[in-house]
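Inspection log for the structure reproduced underneath, given as structure tokens.
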Amino acid sequence: LGNTRVITQNALQTFQEEMGKVMKDPYKVVMRKTKLPLSLLDERAQRFFFQSSRVHILDTEGFDTTFGPKAQRKRPNIKVSDMQGLAEMAQSLTEKYNEENDKDLVREDLDERPEAKESIYSKGQSKRIWNELYKVVDSSDVILQVLDARDPLGTRSKHIETFIKKEKSHKHLIFILNKCDLVPTWVTQQWVSVLSEEHPTLAFHASVTNPFGKGALINLLRQFSKLHSDKKQISVGLIGYPNVGKSSIINTLKAKKVCKVAPIAGETKVWQYITLMRRIYLVDCPGVVYPTGDTETEIILKGVVRVENVKEAAEHIPTVLERVKREYLAKTYRVQAWDDCTDFLEQVSRRSGKLLKGGEPDINTVAKMILNDFQRGKLPYFVAPPKQENDDRIVNRDCPMVDKAKDIDNSTATSKREHPESLASKKDSFKNTSALQVRQDFSAIHVAPDFAGDDVRPLEEISGVDAEQESDDEEESRADSKDEAVEKPGEDSEEDAPELIPITVE
């Protein structure tokens, strides 16, 4: 039997070079690899079931640098030349030694040691949750970061914003100030003004029957869908802390229950797709918490942890008494005066009938009840917005705004007649603009808690905003969303033609 496959050295060298180019090119794929003489190209040998690479001595030391008049020899790297230099180096290392940073030092076993942090305070920080977040960010064209109106900065994840800005700068980031019905309207107005300086911000109240901001959000998403006219559909991802209302916003936009919701953290386990319109998809994401060094009490009051899993709930009540005003606590629990936290819990337990054997007050159960009331907004509380240098910045004056969808549809014909280059420049300017503001009528918000005293302030006047027009737009958006949802996926209308909607920006 003779050789069935014979190849010369020159042909093998040529084939090896061409094969190397193809393997390095990410846009080329080699088919039928098993029929190629890859064993002649791959200079790797199997020795004792371990794959080890041969040493390419000629790549590191060529003949020119090893032999002949240009030969070079590597000298060993010796830090010291004599014993005196070695002693000086040892002396300098001894002076730099720090006993506290020495992890290998054997220390005496102390009687007291810090208690290990419970696993419940690490909710939303697991690798599985972060993988779900990255899936949502990668698959979304528009990202809605949902914030709690009671503490927007506390429920804001700067780490995720930095990641999106560096790695996903082509994606649009919008702030949704949810639960605006739990704070005074002037607080919502000022927080929207403050946050709008960085990213477009909308105030929202998630409710299937009586929502606020639904029309403005749907109109804004419709503009983004027309902005990305090269795509058949766009995906809108909702991210944020646990228990801020991401799934409730999706149910509000759909006007029915499509996502499982609960007033406790951790109800959403995995990401899920929901169809809002024919060209707009919503992506729900589990709540993600980036470790920022918050205390256990702060983590509980932000709603990250379920109260029923807290062992010593009474330890966190002093912070609640500091944050909530005394008059609100007295009105909610009908307790007039108390000396300290323990006295307050005992009076509330007797008032509510939470007693143990022998008439002893059940302090732990009452503390969990108070923490639940705080998380669900039954106790009036909010973080005041920062004081601004100029009061005029609070008002939504004639600044860059996202117009209503009705005005956008009227301007579609004008945009079609514009030159493509001018449209592209507008598109780029819109992508690079973060100071967009949405016109909303904050007087239409129905505040649930009964605020009093200094917490009640009048709203600043907003020119060009009508409450009736706001409600009409929300009803029209609801009707449009239903009409677009029943259309067949394959049908295209004139509205979906490739076009760019002119938006006024700075």
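For what it's worth, this note's numbering labels the leading residue of the sequence shown as 7, then goes sequentially.
Idealized CB from N, CA, C, for every residue including glycine.
A distance below 8 Å between beta-carbons, with the five flanking residues on each side excluded, links A77 to the following residues of its chain, in chain order: T71. The region 203-222 and the region 249-269 touch, with three or more beta-carbon pairs separated by less than 8 Å. If the five residues before and after V289 are omitted, its C-beta is found closer than 8 Å to the C-beta atoms of V142, S145, S146, S241, V242, G243, L244, W277, Q278, Y279 and I280, all from its own chain and listed in chain order. C-alpha of N16 to C-alpha of E24: approximately 12 Å in a straight line.
Note that the C-beta distance between K384 and T338 is below 8 Å. Per DSSP, the continuous alpha helix (DSSP H) segment holding A222 begins and ends at K220 to L233. Taking 8 Å as the cut-off, the beta carbon of Y296 is found no closer than this to the beta carbon of S132.
N184 places its beta carbon less than 8 Å from that of V152.
Runs of the beta strand (DSSP E) spanning 3 or more residues and lying entirely within the region 235-282 occur at 240-246 and 278-281, in chain order. For the set V189, K360, M375 and S87, the Cα lying nearest the Cα of Y387 is the one of V189. Boundaries for Q342: no alpha helix (DSSP H) harbours it, and the DSSP string shows neither H nor E there. Excluding the 5 residues flanking it on each side, Y127 has same chain C-beta neighbours closer than 6 Å at E302 and I305, in chain order. Listed in chain order, the non-local C-beta contacts of A336 below 7 Å within the same chain comprise Q342, local neighbours out to five positions each way being set aside. The C-alpha of H165 is placed about 40 Å away from the C-alpha of S98.
Taking 8 Å as the cut-off, the beta carbon of V267 is found closer than this to the beta carbon of E273. M375 and Q196 have their alpha carbons spaced roughly 31 Å apart. With a beta-carbon spacing of about 16 Å, K129 and A319 fall beyond the 8 Å limit used to define contacts. For Q151, the three-state secondary structure derived from DSSP is strand. A distance of 8 Å or more separates the beta carbons of Y287 and Q229.
If you draw a 10 Å sphere on the C-beta of T215, you find fewer than 16 other C-beta atoms in it, and that means exposed.
As summarised for the region 163-220, the continuous alpha helix (DSSP H) elements at least 4 residues long and confined to that stretch are 164-173 and 191-201, given in chain order. Collapsing the DSSP output to three states places I451 in coil. In chain order, G130, I135 and L139 place their CB closer than 6 Å to the CB of V294, counting only its own chain and leaving out the 5 sequence neighbours on each side. In this structure, T207 keeps its C-beta atom at 8 Å or more from the C-beta atom of K308. Taking the Cα positions, S235 is about 26 Å away from E167.
With respect to the C-alpha of E124, the residue from E366, K172, V311 and V372 having the closest C-alpha is V311. Note that the C-beta distance between T191 and S355 is not below 8 Å. The continuous stretches of alpha helix (DSSP H) do not include V289, which lies in the beta strand (DSSP E) extending over residues I286 to D290.
Apart from the 5 residues on each side of it in sequence, S253 sits with its Cβ closer than 6 Å to the Cβ of C265, V267, T274 and D290 in its chain, given in chain order. Counting along the chain, the unbroken alpha helix (DSSP H) around I376 starts and ends at I369 to Q381.
The criterion of a C-beta distance shorter than 8 Å is satisfied by F181 and H205. Pairing I224 with Y247, the inter-Cα distance amounts to about 22 Å. Ranked by how close their Cα comes to the Cα of S231, the residues V198, A222 and M283 have M283 in first place. Here the alpha carbon of K262 sits roughly 29 Å from the alpha carbon of L377. Contact between D187 and V389 is ruled out by a C-beta separation of about 16 Å, above the 8 Å threshold.
Excluding its 5 nearest sequence neighbours in each direction, R285 has C-beta neighbours in its own chain below 6 Å: S231 and Q239, listed in chain order.
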